[in-house]
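Novice:
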Amino acid sequence: MREFGFELRLCARLERDYPVVARQLGTSVHAAGGRIVDVVCLTRGPEFDARAELTPEAIPAAVIEADVGVGRWRRVTEAFDGPPARARALAERGVEAGFLERARRDGHAVVRQVARYPDWVGDLVGVENKPDLGRPGDLDAQLRHDVSLGLLDYAVLATESHVTRAHLNRLPEAVGVWRVDTEASTVEVVREPTRLDASGWGLEPGERHAGRWAVRPVSPDAKATQRLRVAERAYGKGWRTYELPACANAERGAEAGAATLPHCAYKGRLVDAASECGPDCPGYEADEPPVADFAGERAARQAWDPEAGGAREQSGLGRWAND
12 MREFGFELRL
22 CARLERDYPV
32 VARQLGTSVH
42 AAGGRIVDVV
52 CLTRGPEFDA
62 RAELTPEAIP
72 AAVIEADVGV
82 GRWRRVTEAF
92 DGPPARARAL
102 AERGVEAGFL
112 ERARRDGHAV
122 VRQVARYPDW
132 VGDLVGVENK
142 PDLGRPGDLD
152 AQLRHDVSLG
162 LLDYAVLATE
172 SHVTRAHLNR
182 LPEAVGVWRV
192 DTEASTVEVV
202 REPTRLDASG
212 WGLEPGERHA
222 GRWAVRPVSP
232 DAKATQRLRV
242 AERAYGKGWR
252 TYELPACANA
262 ERGAEAGAAT
272 LPHCAYKGRL
282 VDAASECGPD
292 CPGYEADEPP
302 VADFAGERAA
312 RQAWDPEAGG
322 AREQSGLGRW
332 AND
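Okay, so the sequence shown: first residue is 12 according to my numbering, each after it adds one.
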């Protein structure tokens, strides 16, 4: 099976077990976009419900970590590090996410949190998808990155292939292995993952050169900040980030309880509209895409409320004079 279809079917199945499931998230600390994990699942932390009631949007880590509390107003340019333009931009993002509220006091733009930020993140489970282990690509480097950095709590390989002892011996010992039957929507645990040291120091692999692989140490604080970014991005993004094809042959596919997958009647399978659909396809016939309520389906199947926190103020800070 093509990896895109495998990934969507797996995400639909994982929604039964995890309150948050998201696709294609960056976990690198030093190299932005250097490591993109196929699927990230979150488990419930002690105050997960409070996060679900706060806002459906991702809250930027810089906003969460700013010197802004619930009880008192803070001037925007004092609450955020950096030049005034950056401070105003971060404040605006916090307001748009529904985590900050704002006003003017004594001629200055001020902000405060609408609620205390909860301790909501449990474990981060990263899943690398390789339906066919006969074509592993960069699998070894990807999994060794996850284990060496230790940003995730668990690293897992998901495949449709029969998993042999030789396959297991080539993988880092800490990596778990799932054999997935997408037709039956079942997941067989071939090997349980070992918990990684997400709270300790990590080593992030960088560029590879002849005979050596550059690495950079990552502190526990840097890992904690990146974990928060990943968790917030996962919560705000989810996994339904695809589009349904704008084609007469497009239809809503149903897999593992999800009913809004991008299925093509001409090809008889799930398709990635961004890369596979259009005039170059012999089955293409321009039409409106099928109607699909992605937010409604996610809200019904995951711990996510698109109306959490009430109405969002979307206007920017730009209408105010600079501090």
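Positions of the beta carbon are idealized from the N, C-alpha and C atoms, including for glycine. Please read all numbers here as calculations on a predicted model, not as lab measurements.
Could you please give the first and the last residue of the uninterrupted alpha helix (DSSP H) stretch that includes Cys22?
Specialist: Residues 14-25.
Novice: So, His274 versus Gly264, is the Cβ gap smaller than 7 Å?
Specialist: yes
Novice: Assign Asp49 to one of three DSSP states: helix, strand, or coil.
Specialist: Annotated three-state conformation of Asp49 is strand, per DSSP.
Novice: How many Å lie between Thr66 and Arg104 at the Cα?
Specialist: Approximately 13 Å, taken between the alpha carbons.
Novice: Can you give the Cα-Cα distance for Arg240 and Pro71, rounded to whole angstroms?
Specialist: Answer to the nearest angstrom: the Cα atoms are 7 Å apart.
Novice: Kindly list the residues whose CB is nearer than 7 Å to the CB of Asp157, restricted to its own chain and excluding five residues on each side of it in sequence; keep chain order.
Specialist: Gly137, Leu163, Ala166
Novice: Looking only at its own chain, which residues have a Cβ that is under 8 Å from the Cβ of Arg251, when we skip the five neighbours before and after it?
Specialist: Thr271, Phe305, Glu308, Arg309
Novice: With distances taken from CA atoms, which of Gly294, Gly268, Ala303 is nearest Leu255?
Specialist: Ala303
Novice: Under DSSP, the beta strand (DSSP E) around Pro293 begins and ends at which residues?
Specialist: Element bounds for Pro293: n/a, residue is neither H nor E.
Novice: At which residues does the beta strand (DSSP E) containing Arg223 begin and terminate?
Specialist: 223-229
Novice: Can you name the start and end residues of the alpha helix (DSSP H) that Asp151 belongs to?
Specialist: 150-160
Novice: Consult DSSP for Gln313 and reduce its assignment to one of helix, strand or coil.
Specialist: coil
Novice: Roughly how many whole angstroms lie between the Cα atoms of Gln153 and Glu215?
Specialist: Each residue's Cα considered, the two are about 11 Å apart.
Novice: Pull the bridge partners of Glu215 from the DSSP assignment, please.
Specialist: Arg227
Novice: Please state whether DSSP places Tyr246 in a helix, a strand or coil.
Specialist: helix
Novice: Grab me the residues of Glu58's own chain with a C-beta within less than 7 Å of its C-beta, minus the 5 sequence neighbours each way, in chain order.
Specialist: Pro129, Asp130, Trp131
Novice: With distances taken Cα to Cα, identify the nearest neighbour of Gly247 among Asp316, Arg24, Arg123.
Specialist: Asp316
Novice: Based on Cα-Cα distance, which residue from Gly213, Cys52, Ala276, Arg116 lies nearest to His41?
Specialist: Gly213
Novice: What is the residue span of the beta strand (DSSP E) that Arg190 lies within?
Specialist: For Arg190, the uninterrupted beta strand (DSSP E) run begins and ends at 187-192, by DSSP.
Novice: Asn338 bridges to which residues according to DSSP?
Specialist: Here the chain comprises residues numbered 12 to 334, so residue 338 is not present and cannot be evaluated.
Novice: Return helix, strand or coil for Asn333, following the three-state DSSP convention.
Specialist: Interpretation of Asn333 is limited by its pLDDT of 44, a score under 50 that renders its predicted location unreliable; the figure taken from the coordinates is listed afterwards. Coil, per DSSP.
Novice: Can you give the beta carbon distance from Leu21 to Ala169, rounded, assuming they're within the 8 Å contact cut?
Specialist: 6 Å
Novice: Can you tell me the Cα-Cα spacing of Leu328 and Leu144, whole angstroms?
Specialist: Note on Leu328: pLDDT 42, under 50, position unreliable in the model; the coordinate value appears next. The alpha-carbon of Leu328 is positioned some 51 Å away from that of Leu144.
Novice: Start and end of the beta strand (DSSP E) containing Pro273?
Specialist: 269-275
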